[in-house]
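A.B. asks: Starting off with a structure, shown below.
In the numbering used here, the protein residues as written are 4 to 390.
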């Protein structure tokens, strides 16, 4: 898969979900993307876009594809700020008045004190629009999809005359949650895009976008943060971890800094340690020890611990499945330190591991929906690995 590619190869386990609910956008102590001037690990993407911009070949639509929580939305805001501080020049006017060419742009940096930066962050820039999943007050979380009514506001916005800079920019977050009606509305825009407009689609599962959208946009692939950048961001938040803890958090969070900070706040490393200790006895579980863990996780004041248990168990199943599907070793971390996980991969089929992922998710969904007994839920989760 290329960095700037039009073709996206489907991952055989792309749609396996890690957690019962996707993590929220805002993480305590971390600037939200609209305010964040820092964007680690995506210099290749920036330089690729600058090359296109400087050559006058800026695409009218971009798809930022990659795992959730690795900075795609933060980078999208960075691109938007960069374009909206640019002025469209008239070459005849330049020749008449002798205006100097400032030369090619080498960075997308815009100072946080800049008026454009502040207005975009405040939602007050007339040439910028962000579309996201709306908040569901009844459920206390975002809705499952970007609603078609919100998408239908995009075309009129892009066809308006630019009010300030000359460019108009729209970001659609969680674009892979759009239903077919919403995607068809986007497709109509892409078929006849207005000049000097940019539409950025943020997709965690790019395969969920219809092929005709993917073929009319430039797909830019984002890789997970390196462990060095991951460590730097953690340290900026005051978390200085040893190598073992760092590797464990890096793999458990799948290199998502937002997810990692959630895990730290919710005791994820502690829960992971307890769970992996239980796996040392696989497949002959020591249920006396599992009962102790289950008792702790089922306490009424330990809802976060029980949610972390679900995350860890789903993560273990997913890591085994990914390793099997890709024919690769487990990444450095807590799972690779135990030979038994390699044995589980060797002795299992890909279909069996995918069924395990589905069974675990269905099990936890049933428990959460029905508010069922957590102690038994913990016990059954372990037995699913041996059935």
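Every residue, glycine too, gets a C-beta built ideally from N, C-alpha and C.
Is the Cβ-Cβ distance between residue 43 and residue 235 less than 8 Å?
C.D. replies: yes
A.B. asks: Return helix, strand or coil for residue 132, following the three-state DSSP convention.
C.D. replies: strand
A.B. asks: Would residue 139 be called buried (16 or more neighbouring beta carbons within 10 Å of its own) or exposed?
C.D. replies: The residue in question, residue 139, is exposed, as its Cβ has fewer than 16 Cβ neighbours within 10 Å.
A.B. asks: Given residue 244, which residues of its chain have a CB within under 7 Å of its CB, disregarding the five upstream and five downstream residues?
C.D. replies: Cβ within range, chain order: 237 and 252.
A.B. asks: Which runs of the beta strand (DSSP E) spanning at least 3 residues fall entirely within the segment 110-190, listed in chain order?
C.D. replies: 131-134 and 171-175
A.B. asks: Among residues of its own chain, excluding the 5 on either side of residue 232, which ones have a beta-carbon nearer than 6 Å to its beta-carbon?
C.D. replies: 43 and 44
A.B. asks: Going along the chain, which residues of its own chain have a beta-carbon closer than 7 Å to the beta-carbon of residue 275, five neighbours each way excluded?
C.D. replies: 251, 255, 315 and 337
A.B. asks: Whose C-alpha, out of 352, 313 and 319, is nearest the C-alpha of residue 330?
C.D. replies: 352
A.B. asks: Among 180, 193 and 146, which one has its Cα closest to the Cα of residue 63?
C.D. replies: Just measuring C-alpha positions, the residue of 180, 193 and 146 sitting nearest residue 63 is 193.
A.B. asks: Between residue 80 and residue 36, how many whole angstroms is the CB-CB distance? I'm expecting something under 8 Å.
C.D. replies: 5 Å
A.B. asks: Could you pull the start and end residues of the beta strand (DSSP E) that residue 202 belongs to?
C.D. replies: 200-206
A.B. asks: Do you know offhand how far residue 283's Cα is from residue 136's?
C.D. replies: Take the alpha-carbon of residue 283 and the one of residue 136: they are about 42 Å apart.
A.B. asks: Please identify the residue among 227, 324, 48 and 38 whose C-alpha is closest to the C-alpha of residue 346.
C.D. replies: 324
A.B. asks: What three-state label does DSSP hand residue 65 in the structure shown?
C.D. replies: strand
A.B. asks: What's the gap between the Cα of residue 147 and the Cα of residue 155?
C.D. replies: 18 Å
A.B. asks: Skipping 5 residues on each side, what residues in its chain have a beta carbon closer than 6 Å to that of residue 93?
C.D. replies: Unreliable positioning characterises residue 93 in this predicted model, as indicated by a pLDDT of 48, which lies under 50. The coordinate reading is nonetheless provided below. Cβ neighbours of residue 93 beyond the five flanking positions: none.
A.B. asks: Taking only three categories from DSSP, how would you classify residue 371?
C.D. replies: Of the three classes helix, strand and coil, the one that applies to residue 371 here is helix, per DSSP.
A.B. asks: Would you kindly work out how many angstroms separate the C-alpha atoms of residue 258 and residue 127, rounded to a whole number?
C.D. replies: 32 Å
A.B. asks: Does the separation of the CB atoms of residue 186 and residue 228 fall below 8 Å?
C.D. replies: Their beta carbons are not under 8 Å apart, which means residue 186 does not touch residue 228 by this criterion.
A.B. asks: Taking residue 172 and residue 52 to be in contact with their CB atoms under 8 Å, please state how far apart those CB atoms are, rounded to whole angstroms.
C.D. replies: The pair is not a contact, with the Cβ atoms about 13 Å apart (cut-off 8 Å).
A.B. asks: For residue 384 versus residue 363, is the C-beta distance shorter than 8 Å?
C.D. replies: yes
A.B. asks: Out of curiosity, what's the CA-to-CA distance linking residue 40 and residue 134?
C.D. replies: 20 Å
A.B. asks: According to the neighbour-count rule (16 or more other Cβ atoms, all chains shown, within 10 Å of its Cβ), is residue 261 buried or exposed?
C.D. replies: buried
A.B. asks: Label residue 390 either buried or exposed according to how many other C-beta atoms from any shown protein chain fall within 10 Å of its C-beta, with 16 as the threshold for buried.
C.D. replies: exposed
A.B. asks: Let me make sure I understand the geometry here. Which of 85, 216 and 157 has the alpha-carbon closest to that of residue 170?
C.D. replies: Residue 170 has its Cα closest to that of 85, out of 85, 216 and 157.
A.B. asks: Under the three-state reduction of DSSP, which class applies to residue 224: helix, strand or coil?
C.D. replies: Looking at residue 224 - three-state DSSP - the assignment turns out to be strand.
A.B. asks: For residue 34 and residue 143, what's the separation of their Cα atoms in angstroms?
C.D. replies: 22 Å
A.B. asks: Looking at residue 320: is its Cβ nearer than 8 Å to the Cβ of residue 222?
C.D. replies: no
A.B. asks: For residue 65 and residue 201, which I take to be in contact (beta-carbon distance under 8 Å), what is that distance rounded to the nearest angstrom?
C.D. replies: Sure, about 7 Å apart at Cβ, within 8 Å.
A.B. asks: Between residue 230 and the rest of its own chain, which residues show a CB-CB distance below 6 Å, the 5 nearest in sequence each way excluded?
C.D. replies: 253
A.B. asks: Roughly how many whole angstroms lie between the Cα atoms of residue 308 and residue 300?
C.D. replies: 6 Å
A.B. asks: Taking the straight line between their C-alpha atoms, what separation do you get for residue 317 and residue 281?
C.D. replies: 15 Å
A.B. asks: Taking all protein chains shown into account, decide if residue 95 is buried (16 or more other Cβ within 10 angstroms of its Cβ) or exposed.
C.D. replies: Here residue 95 scores only 46 on pLDDT, less than 50, and its place in the model is too uncertain to base an answer on.
A.B. asks: I'd like to know whether the C-beta atoms of residue 209 and residue 219 end up nearer to each other than 8 Å.
C.D. replies: Not closer than 8 Å, so no.
A.B. asks: Is the CB-CB distance between residue 70 and residue 207 below 8 Å?
C.D. replies: Result yes, Cβ atoms of residue 70 and residue 207 sit closer than 8 Å.
A.B. asks: With a threshold of 16 other CB atoms inside 10 Å of the CB of residue 113, please say whether the residue is buried or exposed.
C.D. replies: buried
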